[in-house]
Structures are given as structure tokens and as C-alpha cells.
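Novice: Count along the sequence shown starting at 1, add 1, and that's the number in our numbering. C-beta atoms are modelled at their ideal positions from N, C-alpha and C, and glycine is treated no differently.
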Amino acid sequence: MPHTSSSLTPGQPLTPAVFHILLALADGDKHGYAIMKDVENQTAGRLKLG
2 MPHTSSSLTP GQPLTPAVFH ILLALADGDK HGYAIMKDVE NQTAGRLKLG
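(1) Around the Cβ of I39, are there at least 16 other Cβ atoms within 10 angstroms (buried) or fewer (exposed)?
(2) Assign H21 to buried or exposed, taking buried as 16 or more other Cβ atoms, counted over all protein chains shown, within 10 Å of its Cβ.
(3) Thinking C-beta only, is L24 closer than 9 Å to M37?
(4) Compare the C-alpha of R47 against each of A27, A35, P17 and name the closest.
(5) Rounded to the nearest angstrom, what separates Q13 and V19 at their Cα positions?
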């Protein structure tokens, strides 16, 4: 999905969800459910995706 200029601004901080998704992907390729579970585990259940 293409990003519009209003959705990304250079220098803008990452949202907590995006930050944790990137952390989950740092270990290697994953798909939706595995990313969701990793984020939930990283945040001790405080952040749930989906």
C-alpha cells in the first residue's frame, strides 16, 4: 500500500506499534500472526495488534 505524504513525515517518531513490529521483524521474516504474538510478548500484553 503506498504511503501518502500525510501519513509519513521525515523525523516523525515511530508509533509504539510500528516500533514493536520492526523489533519483531529484526529476527527474520514473519507473517501476520507471528508478528502479533511477538508484539504481545514484547509488551507483556500491553500492546495488542489487530
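Specialist: In terms of the structure at hand:
(1) By 1-based counting over the sequence shown, the position of residue 39 is 38. Reading off the sequence, residue 39 comes out as Asp, not Ile. The residue in question, D39, is buried, as its Cβ has 16 or more Cβ neighbours within 10 Å.
(2) The residue you call residue 21 lines up with position 20 of the sequence shown. Counting Cβ neighbours within 10 Å, H21 comes out buried, since at least 16 surround it.
(3) Against the sequence shown, residue 37 aligns to sequence position 36. Against the sequence shown, residue 24 aligns to sequence position 23. Cβ distance not < 9 Å, so M37 and L24 don't count as in contact.
(4) Working through the sequence shown from its first residue, we reach residue 47 at position 46. Ranking A27, A35, P17 by Cα distance to R47 puts P17 first.
(5) Indexing the sequence shown from 1 puts residue 13 at position 12. Indexing the sequence shown from 1 puts residue 19 at position 18. Their backbone Cα atoms lie some 12 Å apart in a straight line.
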